[in-house]
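Down below is the structure, laid out as structure tokens.
Protein chains in written order, with the working numbering: chain U, 201 to 625; chain S, 201 to 625.
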């Protein structure tokens, strides 16, 4: 599972911190999950759906049995590729007896409605971030999940990246003491990819706060233990032609005194992949191409951005290689300070810095979705809640909404619905 | 003055933003200052004094005429090297008629006493950061400077780095709109360099809050315009054997709505020079050497850390090359988001990212001290206040003390003594 990038002497130094080589190896690698069949139905064949389909194909233990999308082209491509059932609406997908887990990757404003429909049909759920647009919607989902006794995992987010999960396990094992300070930053082209109108409207769940900040919140909460106390934040619109949040920065205080800062810009100017050896978010090598998303938007003059988006980023249109990328998926730079060491995400996994020096851990190729399937399998096999369950998801949604409130009111906002990450995670 | 790293096409693109090539060139380069003789006396020949001596030697327009230090070795070396007067206390240095500017690089707890002594003797002052340890001390310095009609500049800080000053001028010229978000982060070995006892005692001005955070505050205030509204911060002790702040992170809100985040760790684990092509704080190429400062401390067993520090970092002991380093001085990574572009510090200067792509600006070799001398010359020639004057310095000291207060009280702290950076800077 693990390959080692540095020489044996360095590995021995690191391993000497642990009780045995085997203990350290099992700490860093993704734990095996019990086998449990997942017959997956995909609600929404846009970009998020296409990425989930690819991850399911690569997983080996997931069957793609159905999909729903109102657009003919991606639905037809999916039905053809997987000899699968196709529906033009999510309600019909939820009635399909071949489906036992529904992935909801529909536009944000439909997350609550579709999650509740899936729960009512007795389906387990993988619910794309953001969980919902309001805490009232989160509560409605929570109630439905509890009433119908189904399992819900919130994801995909980059908290499932193997590097983040491995760092979480190093912390939980206590090797370098308690986490004290986390910083995560990401500079991308997010706001200049082609967008549907609602994606440019904050009230409809558009902008980076509803789309990108959930990754940072989940990374911070996963590494910091989960229970936030407050947030002080700013966010802003940079470009009046894209009138929704393009930037945000925040100071997060955990109940136990750990703190975190997050910085995000989706302006397509600087790109922090520059600090990540020009490896992109998915883990693939890339060219710099500064501001190229801004320029591409102009090249499609005549087509609406909704049409551009459908043409470029739907299932079937988006060509994804059927193997995990060379490097690790990531969401920018994440650096953790603990009492006896620091760690950061790296192109090939993560690096641990301690009193002996720097130790690079290269992890196995990954789509970043293995953790979602494994958490779901573990929950379905044991009957326990998944780690990123509906309560966890509501806590992250609370943090996201509080960031927006703090920015608008220019004051610190307390958080009251926070949940802890289990210690054994 | 300027060398260009990229090709002509890219330069033309950038220059097209401006009215003419000459306008852009004069914007990026350090403006010339009127000639004004500086006969400098150095109070304190430790590390800060040694760096100031080197900067004065390289400036060409500064004469090193005297120094004061209670320790025989550095004082003797200085007197020999410059055929200069030497004193064992600062009061005597201030009486030296050959001196017209006193640089105060004595331990922090003496800054106020020595600055007031210099002012009373009619000397102009370059006062090392932190200006003082309390706002009451700042006020006493302010009163003395006004009463005796002398000029005071607070520095050195990395706000004087040519890359920071050039970015400030690009902002002031309005080419890429208003500043909206700033982030600055630095991970160093600071707490594991040999330390005198008071340097490990926060109440005596030790730890990173009094020593390193002033650089970040000055960088943020210089780029953001100066007038902070509030701070929300955390800081912490990591190692009980070095019982003062080793880490700090903060969220800064400016009156005009610009916000900034700062992150600092001096734990000698991760080093952010890794994101800066392994160019060190001074601008010199370096090897990674993770955790080497921790290991070196142990190699000097038998000597106290005060003795180690004197042996390694005093004038005469510290061997500094008599030329500016190959690359630019810096204080970690600083990234600025403006309405129509982003900029960041780079090993050779700064990079501007706009809708046309990335533009690297390579600046002339620098010690990072030219701006101090130029601001002082400009002030002495014109009779105007220097940019980083006593009011500016008090505002930065207020911000530093507020960071500590916010961390202790876990709440946002308002700032009320803030001053603006002049628009023509």
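Built from N, CA and C at the ideal position, the CB exists for glycine as well.
- Which parts of the region 492-578 of chain S are runs of the beta strand (DSSP E), unbroken and 3 residues or longer, counting only runs that do not cross its ends? 533-538, 541-546, 549-554, 557-562
- Note down, in chain order, every chain U residue with its Cβ under 7 Å from the Cβ of residue 296 of chain S. Within the second chain, numbered from 1, the residue matching residue 296 of chain S stands at position 96. Correct list: empty, because the minimum Cβ distance to chain U is about 46 Å.
- Item | residue 634 of chain S: contacting residues in chain U (beta-carbon distance under 9 Å) | In this structure chain S extends from 201 to 625, so residue 634 of chain S is not present and cannot be described.
- Query: Rounded to a whole number of angstroms, what is the C-alpha to C-alpha distance between residue 576 of chain S and residue 319 of chain S?
  - Reply: By 1-based counting over the second chain, the position of residue 576 of chain S is 376. By 1-based counting over the second chain, the position of residue 319 of chain S is 119. Answer to the nearest angstrom: the Cα atoms are 15 Å apart.
- Would you tell me roughly how many angstroms separate the C-alpha atoms of residue 244 of chain U and residue 409 of chain U, rounded to the nearest one? Locating residue 244 of chain U in the first chain gives position 44, where the first residue counts as 1. Locating residue 409 of chain U in the first chain gives position 209, where the first residue counts as 1. Near 21 Å, if we compare the C-alpha coordinates of residue 409 of chain U and residue 244 of chain U.
- Which residue from U:611, U:615, U:590 puts its Cα closest to that of residue 600 of chain U? Reading the first chain from its first residue, position 400 is the one you call residue 600 of chain U. When only C-alpha atoms are compared, the closest one is U:615.
- Determine contact between the region 346-359 of chain U and the region 569-584 of chain U, defined as no fewer than three beta-carbon pairs at a distance below 8 Å. Flag = yes, the region 346-359 of chain U and the region 569-584 of chain U touch.
- Item | DSSP beta-bridge partners of residue 379 of chain U | Reading the first chain from its first residue, position 179 is the one you call residue 379 of chain U. Residue pairing by DSSP places residue 379 of chain U opposite U:538 in a beta bridge.
- Identify every residue that forms a DSSP beta bridge with residue 432 of chain S. As a working note, residue 432 of chain S is residue 232 in the second chain. S:451.
- Can you name, in chain order, every residue of its own chain whose Cβ lies under 8 Å from the Cβ of residue 530 of chain S, other than the five neighbours on each side? Counting from 1 along the second chain, the entry for residue 530 of chain S is found at position 330. Closer than 8 Å at the Cβ level, and outside the excluded window around residue 530 of chain S, lie 358, 361, 363, 476, 479, 481, 483, 545, 547.
- Message: On the CB-based measure, 16 or more other CB atoms within 10 Å of its CB, does residue 596 of chain U come out buried or exposed?
- Response: By 1-based counting over the first chain, the position of residue 596 of chain U is 396. Counting Cβ neighbours within 10 Å, residue 596 of chain U comes out buried, since at least 16 surround it.
- Message: Counting only Cβ pairs nearer than 9 Å, list the residues of chain S close to residue 479 of chain U.
- Response: Locating residue 479 of chain U in the first chain gives position 279, counting from the first residue. Within chain S, no residue comes near residue 479 of chain U; the closest Cβ sits about 14 Å away, beyond 9 Å.
- Query: Comparing alpha-carbon positions, which option in U:582, U:591, U:528, U:606 lies nearest residue 619 of chain U?
  - Reply: Counting from 1 along the first chain, the entry for residue 619 of chain U is found at position 419. Of the candidates U:582, U:591, U:528, U:606, the one whose C-alpha sits nearest the C-alpha of residue 619 of chain U is U:591.
- Query: Roughly how many whole angstroms lie between the Cα atoms of residue 594 of chain U and residue 313 of chain U?
  - Reply: By 1-based counting over the first chain, the position of residue 594 of chain U is 394. By 1-based counting over the first chain, the position of residue 313 of chain U is 113. Cα to Cα, the separation comes out at about 16 Å.
- Message: Can you look up residue 261 of chain U in the DSSP assignment and give me helix, strand or coil?
- Response: Within the first chain, residue 261 of chain U is the residue found at index 61, counting from 1. Reduced to three states, the DSSP call for residue 261 of chain U is coil.
- Item | Opposing strand residues paired with residue 324 of chain S [DSSP bridges] | Sequence index remark: in the second chain, residue 324 of chain S carries index 124 (1-based). S:301, per the DSSP bridge assignment.
- Message: Whole angstroms are fine: how far does the CA of residue 327 of chain U sit from the CA of residue 520 of chain U?
- Response: For the purposes of this step, residue 520 of chain U is identified with residue 320 of the first chain, where counting begins at 1. For the purposes of this step, residue 327 of chain U is identified with residue 127 of the first chain, where counting begins at 1. Straight-line Cα distance between these residues: approximately 22 Å.
- Message: Using only the alpha-carbon positions, how far apart do residue 489 of chain S and residue 310 of chain S sit?
- Response: Start at 1 with the first residue of the second chain, and residue 489 of chain S comes out as number 289. Start at 1 with the first residue of the second chain, and residue 310 of chain S comes out as number 110. The alpha-carbon atoms of residue 489 of chain S and residue 310 of chain S are separated by roughly 34 Å.
- Should residue 526 of chain U be labelled buried (16 or more other beta-carbon atoms within 10 Å of its own) or exposed? Taking the first chain and counting its residues from 1, the one referred to as residue 526 of chain U is at position 326. Around the beta carbon of residue 526 of chain U, fewer than 16 other beta carbons lie within 10 angstroms, which makes this residue exposed.
- Secondary structure, beta strand (DSSP E): runs of 3+ residues fully inside the region 331-386 of chain U: 352-354
- Quick one: is residue 465 of chain U near chain S, going by C-beta distance under 8 Å? The residue you call residue 465 of chain U lines up with position 265 of the first chain. Yes, because at least one Cβ of chain S sits closer than 8 Å to the Cβ of residue 465 of chain U.
- Message: Between which residues of its own chain and residue 537 of chain U is the CB-CB distance below 6 Å, once the five residues before and five after are set aside?
- Response: Walking along the first chain from the start, residue 537 of chain U turns up at place 337. Around residue 537 of chain U: 380, 381.
- residue 237 of chain U to residue 263 of chain U, Cα distance in whole Å? Against the first chain, residue 237 of chain U aligns to sequence position 37. Against the first chain, residue 263 of chain U aligns to sequence position 63. Rounded to whole angstroms, residue 237 of chain U to residue 263 of chain U spans 8 Å at the Cα level.
- Classification of residue 272 of chain U by the beta-carbon crowding that lies within 10 angstroms, buried from 16 upward: Reading the first chain from its first residue, position 72 is the one you call residue 272 of chain U. Classification for residue 272 of chain U: exposed.
- Query: Out of curiosity, what's the CA-to-CA distance linking residue 296 of chain S and residue 325 of chain S?
  - Reply: Position 96 of the second chain, counting from 1, holds the residue named residue 296 of chain S. Position 125 of the second chain, counting from 1, holds the residue named residue 325 of chain S. Near 14 Å, if we compare the C-alpha coordinates of residue 325 of chain S and residue 296 of chain S.
- Quick one, which residues of the region 591-625 of chain S are near chain U if we go by CB-CB under 8 Å, in chain order? 610, 611, 612
- Is residue 542 of chain U close to chain S, meaning its C-beta is less than 8 Å from at least one C-beta of that chain? Start at 1 with the first residue of the first chain, and residue 542 of chain U comes out as number 342. True, the Cβ-Cβ gap to chain S drops below 8 Å.
- Beta-carbon gap between residue 450 of chain U and residue 603 of chain U smaller than 8 Å: Taking the first residue of the first chain as 1, we reach residue 450 of chain U at position 250. Taking the first residue of the first chain as 1, we reach residue 603 of chain U at position 403. It is a contact, given that the beta carbons lie within the stated cut-off.
- Simplified DSSP assignment, three categories, for residue 437 of chain S: Taking the first residue of the second chain as 1, we reach residue 437 of chain S at position 237. Coil.
- Query: Looking at C-beta atoms only, is the number of pairs between the region 422-429 of chain U and the region 439-447 of chain U that lie closer than 8 Å three or more?
  - Reply: no
- residue 534 of chain S, buried or exposed, once every other Cβ within 10 Å from all chains shown has been counted against 16: One-based indexing of the second chain puts residue 534 of chain S at position 334. By the 10 Å Cβ count, residue 534 of chain S comes out buried.
- Task: Specify, as a first and last residue, the run of the beta strand (DSSP E) that residue 243 of chain S falls within.
- Result: Locating residue 243 of chain S in the second chain gives position 43, where the first residue counts as 1. Residues 238-243.
- Message: Measuring only the C-alpha atoms, how far is residue 210 of chain S from residue 559 of chain S?
- Response: Taking the second chain and counting its residues from 1, one reaches residue 210 of chain S at position 10. Taking the second chain and counting its residues from 1, one reaches residue 559 of chain S at position 359. Its pLDDT being 45, under 50, residue 210 of chain S is placed unreliably by the model, and the measurement read from it follows with that caveat. Using only the alpha carbons, I get a separation of about 7 Å.
- My guess is that residue 258 of chain U and residue 522 of chain U are in contact by the Cβ rule of under 8 Å, so how many angstroms apart are they, rounded? To locate residue 258 of chain U, count along the first chain from 1; it is residue 58. To locate residue 522 of chain U, count along the first chain from 1; it is residue 322. Confirmed, Cβ separation roughly 7 Å.
- For residue 535 of chain S, decide whether its Cβ has a neighbour in chain U, counting only Cβ atoms nearer than 8 Å. For the purposes of this step, residue 535 of chain S is taken as residue 335 along the second chain, with counting starting at 1. So yes, residue 535 of chain S belongs to the interface.
- Query: Nearest to residue 376 of chain U by CA position, among U:607, U:598, U:553, U:569, is which residue?
  - Reply: Locating residue 376 of chain U in the first chain gives position 176, counting from the first residue. For residue 376 of chain U, the nearest C-alpha among the options comes from U:553.
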